[in-house]
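Q:
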Amino acid sequence: MSEEMPKAYRGLNSLKVSSVKHYTDKTFSFTCERPESFRFRSGEFAMIGLENGDKPLLRAYSIASPNWAEELEFYSIKVPDGPLTSRLQHLKVGDEILIRPKPVGTLVLDALIAGKRLILFSTGTGIAPFASTIRDPETYEKFDEVILTQTCRDTKELDYGKALMAEIASDELLSEVVGDKLTYIGTTTREESDTMGRMTDWLRDGRFAAATGAELSAENDRVMICGSMAMLKEHKQICEAAGMLEGSNSEPGQFVIEKAFVD
Ligand code: A2P
């Protein structure tokens, strides 16, 4: 950032984009360089964006890469008239994005008490923080089983999650750490598929228990939830009905929630 940059740009880092991948006409991911000083816990989010006159255009984005990775990865929705995403979707390798180097968030292992299964419920791009969590070895030190669910409208939107699973399986070191502990369940609600329906319905009608071997339990399960406000509310109700208490960084509990930010 040059000396003449307006005040609002102070403290921001400018990072070069190293790859861009479009998954559907609604979603894409990109990676950028990671400054050595940029630390975060898997599952946290940072403010990122683009130059925009006197004031940068910044939004909260979950960091999708694990905390050991050399690059930072983000997974984003494209909103045609969204102030930031309408521009961000045109990113190319070599372009620069802005980032405030102070990641925060509640979807972190520290906000959960010990348990046996870690269940990560997401819809749409709400999978982003969990892309970080499932690639963090600490997750598998703390839990015997990790279940990631993602509900999307169409099958194509599940490609990012499927690609993540394939990437983990092909990574020699990570696949050894993960072993057979990780399960991904992708469901669709609008397009016909083998696994249809909202995960909230699966939880209520027994399909979740059938697919994972056990019902949601306050004793064994710890839960992270990321998606729209309506989705968070319903999942929260289901967790509370199972006797779970919401956790936070200062007071760890049995489940934690966070809105999938950009819309
Ligand atoms: P549905 O198609 O039945 O609305 P969106 O694109 O609107 O953010 O939705 C992403 C996915 O989340 C869709 O599959 C949608 O299902 C699902 N969804 C929307 N609201 C809820 C909710 N309250 N609980 C669980 N899943 C939801």
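Here the sequence shown stands for residues 1 to 263, numbered as in our numbering.
Using N, Cα and C, we set each Cβ at its ideal position, and we do this for glycine too.
1) What does the alpha-carbon distance come out to for the pair LEU84 and MET47?
2) Distance check for ILE77 and THR299, CA to CA, integer angstroms please.
3) Where does GLY49 land, buried or exposed, given buried means 16+ other C-beta within 10 angstroms?
4) Report, in whole angstroms, the separation of the C-beta atoms of LYS16 and GLU96, which I expect to be a contact under 8 Å.
5) So, using beta-carbon positions, are ALA64 and SER18 closer together than 8 Å?
6) What did DSSP end up calling PHE28 once you bin it into helix, strand or coil?
7) Pull up the CB-CB distance for THR188 and THR155, whole angstroms please, since I reckon it's below 8 Å.
8) Within this structure, are the beta carbons of VAL223 and PHE121 separated by less than 8 Å?
9) Does the beta-carbon of LEU88 have 16 or more other beta-carbons within 10 angstroms, so that it is buried, or is it exposed?
10) Near ligand 1, which residues have their beta-carbon less than 6 Å from any of its heavy atoms, given in chain order?
11) Leaving out five residues on either side along the sequence, give the residues of the same chain with a beta carbon under 6 Å from the beta carbon of GLY197.
12) Do you know how far the Cα of THR31 is from the Cα of ALA210?
13) Which residue from ASP25, GLY253 and ASP110 puts its Cα closest to that of SER86?
14) HIS90 by DSSP, collapsed to three states: which one?
15) Taking the C-alpha atoms as reference points, what is the distance between ILE134 and ALA8?
A: Based on what the coordinates show:
1) Near 12 Å, if we compare the C-alpha coordinates of MET47 and LEU84.
2) Since the displayed the chain opens at 1 and closes at 263, residue 299 lies outside it and no answer follows.
3) Buried, by the Cβ-count rule.
4) Yes, they are in contact, since the Cβ atoms of LYS16 and GLU96 sit about 6 Å apart, within 8 Å.
5) No, the Cβ-Cβ distance between ALA64 and SER18 is not below 8 Å.
6) When DSSP states are grouped into helix, strand and coil, PHE28 belongs to the strand group.
7) The beta carbons of THR188 and THR155 sit about 6 Å from each other, so the pair counts as a contact at 8 Å.
8) In this structure, PHE121 lies closer than 8 Å to VAL223 by Cβ.
9) Result: buried.
10) Here the list is THR123, GLY124, THR151, CYS152, ARG153, THR189, ARG190, ARG198, THR200, SER228, ALA230, MET231 and GLU234.
11) THR187.
12) Rounded to the nearest angstrom, the two C-alpha atoms are 37 Å apart.
13) Among ASP25, GLY253 and ASP110, the Cα nearest to that of SER86 belongs to ASP25.
14) Three-state result, HIS90: coil.
15) Answer to the nearest angstrom: the Cα atoms are 35 Å apart.
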